[in-house]
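Residue numbers (full-length UniProt numbering), protein chains in the order written: chain U, 1 to 209; chain A, 1 to 427.
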Ligand SMILES: [Zn+2]
Ligand SMILES: [Zn+2]
């Protein structure tokens, strides 16, 4: 899985791409849990709500390319909404999360998608995640409905569970696959990844010079 | 950095935790406006595209291998660059410029002197003489050489030729119809330069013209405003000095002036920079507009609307009512005054009775009694008042507080009666 393959291959000719990814969605839909599962492989039943935003990184390998995600996990509470544009501007990817047991969170997710389509980088890759699919007995949002909406808006779509880890790495991988990795030709609108020379692993992603 | 979780009000660019929403937003605005990552990447994208166009794919790929690090940490460590040593080159520039201007002026003036001789009326018109004359004025060069100024010897740039073929300065010397001047490029350039200079000196640029108009409008408005205000106030007071129509038309005039100020200043601000005058000029134009807008705001706010016809009728009706009331009051006051005259006499008597006999009895166990000091010239009421005052003074000196109190009450009554009598007729 992705976090298994995160260790860098010894092969120096490997290409490294860095992408900024932002998570958006109503509070308590499980954004932080998804990220925590993806980055650390952990799950906390009582995840505390995020204050402001959280920043994490994770690297996945795709064929000959190493994709480094810089993840901005935003706080879902309404009072932090005004900060969101700061975090999604310049982002090459976004995961908009809703809770399948709560119809309101799905409406909110649609609003986020609309906002991203209007305000974020034009070529941003947007994925829609219907989280908490382990609670399917309490389901309020039909998978087909969300699927149809995602197709209409050309979004990647998966139902996920941070608790069982279902589709968590997969959705990040799907995004990584969809992101343009050839720097020069991928259009200039901030949607292209930044190609990096492989740095000494011990320097840990800091300055290279 | 994998696994490390940062949380808080993090700046998305430098990762600093700013503590609060507001501080984060302020920091982002202030610190990163110029280094917006989105913009940087956008530019980078364009740059890469451009590179791809000029170079072949191989080279592009090669260049992309050069390390680029956009790690936020790097930005954190960069302090804003301070201004280093500054040297002024203004004097140097001015010297250079002066020399050049002098050189041009000298050359051009020499040229003009020669030109003057050539078109002089006294110059011989007979072809053979004319040719010699021209040769004496202007060193001739061969035709083919004229096309190339580099053939002209140093300091010998005044090669003219008068001919019937068309030259580059027709417009300057078109008075003689078909006859034209032929010059080398350099002289032509000098002459055209002077010509342009004269043009700019004599012509007013559009914005100067507009600006002087704007100033004129402002002066007109400043003259018109007090007029309109006076008229409006007069109407509101119910005076009949001005008619509503005339006030309305004066006000309309003022509004037209305001409108002209608005339009003219807007036109200045939106003028296209035809001469590429640059940033400062554009800034000046915007400032003119801004000043005009502020001026308008200041002066239009104070301008109340005129009363409507109905309001005016109401004002005048009320004014008439008021007037009638006043007349009635005055009449009333007159009758009251007559009554008062009688009444005050009565008061006087009462007071006399109340005070004077009392003072006579005001002889206590120790035999104290106030002494009376009155001048006979005063009005009887005043006399009375003065008497009482002197009693009070004496009583105070003697510490006769009961008497002081009684006398003071008496004095109050008297003074009131006196005051009423004095003021009533003027109401
Ligand atoms: Zn910052
Ligand atoms: Zn010449």
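Backbone N, C-alpha and C define an ideal beta-carbon position, used for all residues, glycine too.
Where residue 354/A sits in the DSSP three-state scheme: Here the model assigns residue 354/A a pLDDT of 49, short of 50, so the residue's position is not dependable and the matter cannot be decided.
Look at the alpha carbon of residue 339/A and the alpha carbon of residue 248/A, and state the distance between them as a whole number of angstroms. 51 Å
Secondary structure of residue 93/U, DSSP reduced to three states: strand
By DSSP, does residue 153/U sit in helix, in strand, or in coil? coil
Mind listing, in chain order, the continuous alpha helix (DSSP H) runs of no fewer than 4 residues lying wholly within the region 108-156 of chain U? 143-152
Whether or not the region 258-275 of chain A and the region 286-298 of chain A are in contact is what I'm after, with contact meaning three or more pairs of Cβ atoms, one per stretch, closer than 8 Å; do they touch? yes
Please determine, among 133/U, 19/U, 80/U and 25/U, the residue with the shortest C-alpha to C-alpha distance to residue 211/U. Any property of residue 211/U remains undetermined from this structure, which presents chain U solely from 1 to 209.
May I have all residues whose beta carbon comes closer than 6 Å to any heavy atom of ligand 1, sorted in chain order? 11/A, 13/A, 14/A, 16/A, 27/A, 31/A and 32/A
Is the distance from the Cβ of residue 85/U to the Cβ of residue 117/U below 8 Å? no
Less than 8 Å between the CB atoms is what I'm expecting for residue 83/U and residue 53/U, so what's the real figure, rounded? 7 Å
Which runs of the alpha helix (DSSP H) spanning at least 4 residues fall entirely within the region 19-69 of chain U, listed in chain order? 31-40
Just reading off the alpha helix (DSSP H) that residue 296/A is part of, what are its end residues? 279-301
So, for residue 388/A: in the same chain, excluding its five sequence neighbours on each side, which residues have a beta-carbon less than 7 Å away from its beta-carbon? 355, 407, 410, 411 and 414
CB contact check: residue 55/U to chain A, cutoff 8 Å: yes
Residue range of the unbroken beta strand (DSSP E) whose run includes residue 126/A: Where residue 126/A is concerned, there is no enclosing beta strand (DSSP E), given that its DSSP letter is neither H nor E.
Return the residue from the list 259/A, 208/A, 215/A and 138/A that minimises the CA-CA distance to residue 183/A. 138/A
Taking 8 Å as the CB-CB limit, is residue 7/A close to chain U? yes
At a Cβ threshold of 8 Å, is residue 82/U touching chain A? yes
Euclidean distance between Cα positions of residue 17/A and residue 9/A: 5 Å
So is residue 112/U in contact with chain A if we call contact Cβ pairs under 8 Å? no
When 164/U, 63/U, 95/U and 75/U are compared against residue 14/U, the one with the closest alpha-carbon: 63/U
Interface residues of chain A facing residue 50/U [CB-CB closer than 7 Å]: 7
If you drop the 5 nearest sequence neighbours on each side, which residues of the same chain put their C-beta closer than 8 Å to that of residue 9/U? Residue placement at residue 9/U is flagged as unreliable, the pLDDT there being 43, under the threshold of 50; a coordinate-derived value is accordingly withheld.
Any C-beta of chain A within less than 8 Å: which residues of the region 156-179 of chain U qualify? none
Can we say the region 136-147 of chain U touches the region 168-182 of chain U, given the rule of at least three CB pairs closer than 8 Å? no
Between the region 253-260 of chain A and the region 205-222 of chain A, do at least 3 Cβ pairs fall closer than 8 Å? yes
With H, G and I counted as helix, E and B as strand and the rest as coil, what does DSSP make of residue 18/A? coil
When every heavy atom of ligand 3 is checked, does at least one fall within less than 7 Å of the C-beta of residue 227/A? Among the ligands present in this structure, namely ligand 1 and ligand 2, ligand 3 is not found.
For residue 392/A and residue 324/A, the rounded distance between their alpha carbons: 47 Å
Assuming residue 43/U contacts residue 162/U under a Cβ cut-off of 8 Å, what Cβ separation, rounded to an integer in Å, is found between them? 6 Å
Alpha carbon to alpha carbon, what distance is there between residue 170/U and residue 51/U? 27 Å
Just the chain A side, please: which residues come within less than 7 Å of residue 86/U by C-beta, in chain order? 12 and 28
In three-state terms, what does DSSP make of residue 215/A? helix
What are the start and end residues of the alpha helix (DSSP H) that includes residue 107/A? 90-118
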